[in-house]
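The opening residue of the sequence shown carries number 229 in this note's numbering; numbering runs sequentially from there. Backbone N, C-alpha and C fix where the C-beta goes; we use that ideal spot for every residue, glycine too. The structure displayed is predicted, hence computed values, not measured ones.
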Amino acid sequence: PLVIGSYGDEAAAKPIVAFMYDFTDATWTLVDKSKNIYSLDVSSLEEKYGMRIHRAFVEGEAYFHRTITDYNLLEEEEFCDYDGIMYMRTKGGAPTNVEATSYGLSFVRLQIENVSYLTMENIHFKGGNSRNPLLKLDAPSMYFRFTHCDITHAFYYIIQMESTSAAINYNP
């Protein structure tokens, strides 16, 4: 058996395995002072349907994603992205501690294949993207256990299991 995890002070934060963009140290540009709208260049990120950012979190709180191409329509705690720029409207001041998940179709975040008797414990899995699972378990693998793990900021698939066996991988 293999155990991947952490131990020590149970009151301490769990180690984080994150699959997110960290814009904590990013330099935001104020584009509309009266509305507290800021922008950030995200043109280097993969684009899908004209967008690059799927979900955004400011200080751990989710901002609503508007699929618009005019940042002037944003309400407080909303964001949009188009033409390689993410626009965010805050309640006041530049966004801080911003994390985001991609909109792209990049890849599965953590893939485990041909592994058995695996335990993951005391880990915080964070993030994902709009189309792929956070964690993918592929055959031939068996006997997995997750104990005291946190999974946050994920969307769509969290854990996907696949097998070559029709009895396990039934497709109606």
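Coarse secondary structure for residue i, derived from DSSP in three states
i      : result
LEU362 : coil
TYR277 : coil
GLY299 : One point to set straight first is that residue 299 is Tyr, not Gly, in the sequence displayed. The answer is helix: DSSP assigns TYR299 an H, G or I state.
ILE244 : strand
THR252 : coil
ILE386 : coil
SER344 : strand
ASP311 : coil
GLU238 : coil
PRO400 : Legend: pLDDT at PRO400 = 44, less than 50; position of this residue unreliable, value from coordinates given subsequently. If DSSP states are grouped into helix, strand and coil, PRO400 belongs with coil.
ARG373 : strand
Bridge partner(s) assigned by DSSP for residue i
i      : result
THR380 : LYS354
GLY233 : GLU349
GLU304 : DSSP output for GLU304 lists no bridge partner at all.
HIS293 : PHE307
Buried versus exposed, by CB contacts within 10 Å (16 or more), residue i
i      : result
THR329 : buried
ARG373 : exposed
PRO400 : Because the pLDDT of PRO400 is 44, which lies under 50, any placement of that residue in the model is unreliable, and the number read from its coordinates should be weighed accordingly. Under this definition PRO400 is an exposed residue.
VAL286 : buried
LYS354 : buried
PRO361 : buried
VAL270 : buried
ILE351 : buried
ALA284 : buried
GLU238 : exposed
TYR235 : exposed
THR318 : buried
GLU303 : exposed
Boundaries (first-last residue) of the beta strand (DSSP E) holding residue i
i      : result
ALA401 : The structure shown has nothing for residue 401, since the chain only spans 229 to 400.
THR318 : Where THR318 is concerned, there is no enclosing beta strand (DSSP E), given that its DSSP letter is neither H nor E.
GLU287 : No beta strand (DSSP E) contains GLU287, which DSSP labels as neither H nor E.
SER272 : Neither: SER272 is in no beta strand (DSSP E) and is coded neither H nor E.
GLU341 : 338-341
ASP260 : 257-260
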